[in-house]
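Enquirer: Supplied in structure tokens, the structure appears directly below.
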Amino acid sequence: MRVVLLGPPGAGKGTQAKRLEASRGIRQLSTGDLLRSAVDEGTALGRKAASYMDAGRLVPDEVMLGLIRDVLPTGAYRDGFLLDGFPRTVEQARGLDRLLDEAGAGLDAVLSLEIPDGELIRRLGNRRSCEACGEPYNLESRPPQADGVCDRCGGRLVQRDDDRPETVQRRLEVYHEQTEPVKAYYADRGLLTSVDGGRSVDAVGGDLERALRHPGE
Ligand code: AMP
Numbered sequence: 004m005r006v007v008l009l010g011p012p013g014a015g016k017g018t019q020a021k022r023l024e025a026s027r028g029i030r031q032l033s034t035g036d037l038l039r040s041a042v043d044e045g046t047a048l049g050r051k052a053a054s055y056m057d058a059g060r061l062v063p064d065e066v067m068l069g070l071i072r073d074v075l076p077t078g079a080y081r082d083g084f085l086l087d088g089f090p091r092t093v094e095q096a097r098g099l100d101r102l103l104d105e106a107g108a109g110l111d112a113v114l115s116l117e118i119p120d121g122e123l124i125r126r127l128g129n130r131r132s133c134e135a136c137g138e139p140y141n142l143e144s145r146p147p148q149a150d151g152v153c154d155r156c157g158g159r160l161v162q163r164d165d166d167r168p169e170t171v172q173r174r175l176e177v178y179h180e181q182t183e184p185v186k187a188y189y190a191d192r193g194l195l196t197s198v199d200g201g202r203s204v205d206a207v208g209g210d211l212e213r214a215l216r217h218p219g220e
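In structure tokens:
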């Protein structure tokens, strides 16, 4: 299946994408993860993206569309994908449609996680991930067994630079201004299903699974 997962920062897109990858074998493609790897590796893309990411702003559309154009046709995503963190603007959504049209393949479903800002601010403040394997944690709802240490691989748990409070506020503003209109874009095309993301990982995951069995309802 070809699926887009929308939602504000901290809504649980990454967690749910990994869950759907495990349960339904739909390969996660996280543009945030790709950009963070590019920044760590110091590539040309990483150098372009870093200042936007640090400021909690969006990397320009042409850069993101170039990245998707390079990555999507690779073998890993030939049988389908779950886009996590892309598209984040209507221009990106249009670009994705053009790319999929060229490949003769449309989206099957767009899932949107809904969650109030106050809850997002709390979640992002508590969010940590393993420096080594990327495993996500939340100090409140999913704490590690030992403080600061990954249960899975023993790696160090770190907070993303852009999860610091001053940047979180900016990222939420950017979401409301630039990404929320993407929901209407897909609703107009009969593809959008909204899910209440403010519940347990399993409850939200169950709704997403159902939505994928009956897209657009
Ligand atoms: P994420 O991990 O999805 O929250 O992304 C982290 C940061 O990467 C965002 O705050 C943006 O600066 C950048 N980013 C990720 N995906 C996109 C996108 N589709 N368009 C523009 N910027 C993006």
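Under my numbering, the residues of the sequence shown are numbered 4 to 220, in order.
Don't be surprised by glycine CBs; every beta carbon is placed ideally from N, CA and C.
Just so it is clear, the structure is predicted and the values come from calculations on it, not from any experiment.
(1) Would you mind listing the alpha helix (DSSP H) stretches within the stretch 30–92 that are 4+ residues and don't spill past its ends, in chain order?
(2) Determine, using beta carbons only, whether R39 and V177 come nearer to each other than 8 Å.
(3) Determine contact between the stretch 157–177 and the stretch 78–87, defined as no fewer than three beta-carbon pairs at a distance below 8 Å.
(4) Within the present structure, is the beta-carbon of L38 separated from the nearest heavy atom of ligand 1 by less than 7 Å?
(5) Hey, which unbroken runs of the alpha helix (DSSP H) at 4 residues or more fall wholly within the stretch 102–188?
(6) If we count the other Cβ atoms within 10 Å of its Cβ and call it buried at 16 or more, is C153 buried or exposed?
(7) Would the beta-carbon of T34 be found less than 7 Å away from any heavy atom of ligand 1?
(8) On the three-state DSSP scale, how would you describe L194?
(9) Is A206 close to chain C, meaning its C-beta is less than 8 Å from at least one C-beta of that chain?
Expert: Let me lay it out:
(1) 34–44, 47–57 and 64–74
(2) no
(3) no
(4) yes
(5) 120–129 and 168–177
(6) buried
(7) yes
(8) coil
(9) Within the model displayed, chain C is absent; a lone protein chain is all it includes.
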